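Novice:
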Amino acid sequence: GAGVSQSPSNKVTEKGKDVELRCDPISGHTALYWYRQSLGQGLEFLIYFQGNSAPDKSGLPSDRFSAERTGGSVSTLTIQRTQQEDSAVYLCASSFLGVEQFFGPGTRLTVL
Amino acid sequence: AQSVTQPDIHITVSEGASLELRCNYSYGATPYLFWYVQSPGQGLQLLLKYFSGDTLVQGIKGFEAEFKRSQSSFNLRKPSVHWSDAAEYFCAVGALIQGAQKLVFGQGTRLTINP
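Respectively, the protein sequence lines represent chains Z and H. In case it helps, the working numbering puts the first sequence at residues 30 to 141. In case it helps, the working numbering puts the second sequence at residues -14 to 100.
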């Protein structure tokens, strides 16, 4: 069956530009998560959506980061005025009940 | 606070040898525990999970893990590794944090297989 998909798979941008990363969760999954994985680091939680509830943004590192989830399905993570330290792999995961999470392949972001 | 510790950053084993990757967690309630594997350039794939019941859980690719409450551990094992097992392995605890189910990950263990 279809898993979590993310696009683009790779994104190279210049410092100061805005980028949008997309996540298509597994159909029927109500919970959606964004994580950041920096080189040599573990996974850092960024933001969590559950159904129609207000998102949990407690992991967003700065106000340059934002995310939305339209129609309870597709999510977009936006990074404004990118900085070199934003370079990382951004992973999306979805879950039916919020316990077992299924991950997408990630978007590798490189900020020059 | 919830935390996961994977003491070994990098492990090298020979193909055909046995493997044990260590994971210790800190969580006040009964934990949900997971092991994920990440191959280079790939996302995370779930190897196995523990929710309740039998403390020895079987996963995919011949992996198993044992939950030991007294030691707060959830170590991953495989009797005989294959070259294709070379990857990064992450242990995670599912925790209820601020009303939401979240995964707290360890820093990962990178596994190298010698031929």
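Even for Gly, the Cβ is constructed at its ideal location relative to N, Cα and C. These numbers come from a predicted model, not from an experiment.
Of the choices Z:126, Z:129, Z:108, Z:128, whose alpha-carbon is the least far from that of residue 119 of chain Z?
Specialist: Of Z:126, Z:129, Z:108, Z:128, the residue nearest in Cα terms is Z:108.
Novice: Would residue 86 of chain H and residue 128 of chain Z be called neighbours here (beta carbons separated by less than 8 angstroms)?
Specialist: Contact: yes.
Novice: Taking 8 angstroms as the CB-CB limit, is residue 35 of chain H close to chain Z?
Specialist: It does not; no Cβ of chain Z falls within 8 angstroms.
Novice: Classify residue 55 of chain H as helix, strand or coil using the three-state DSSP reduction.
Specialist: DSSP places residue 55 of chain H in helix when its eight states are reduced to three.
Novice: Whole angstroms is fine: what's the gap from residue 139 of chain Z's alpha carbon to residue 98 of chain Z's?
Specialist: So the alpha carbons of these two residues sit roughly 24 angstroms apart.
Novice: Using only the alpha-carbon positions, how far apart do residue 101 of chain Z and residue 111 of chain Z sit?
Specialist: Between residue 101 of chain Z and residue 111 of chain Z, the C-alpha separation is close to 27 angstroms.
Novice: Is residue 77 of chain Z close to chain H? Criterion is C-beta to C-beta, closer than 8 angstroms.
Specialist: Yes, contact with chain H.
Novice: What number of angstroms, rounded off, separates the C-alpha of residue 71 of chain Z from the C-alpha of residue 88 of chain H?
Specialist: Using only the alpha carbons, I get a separation of about 12 angstroms.
Novice: I'd like the ranges of any beta strand (DSSP E) spanning at least 3 consecutive residues and lying wholly in the stretch 60 to 94 of chain H.
Specialist: Here the runs fully enclosed are 72 to 82, 85 to 90.
Novice: With H, G and I counted as helix, E and B as strand and the rest as coil, what does DSSP make of residue -6 of chain H?
Specialist: Reduced to three states, the DSSP call for residue -6 of chain H is coil.
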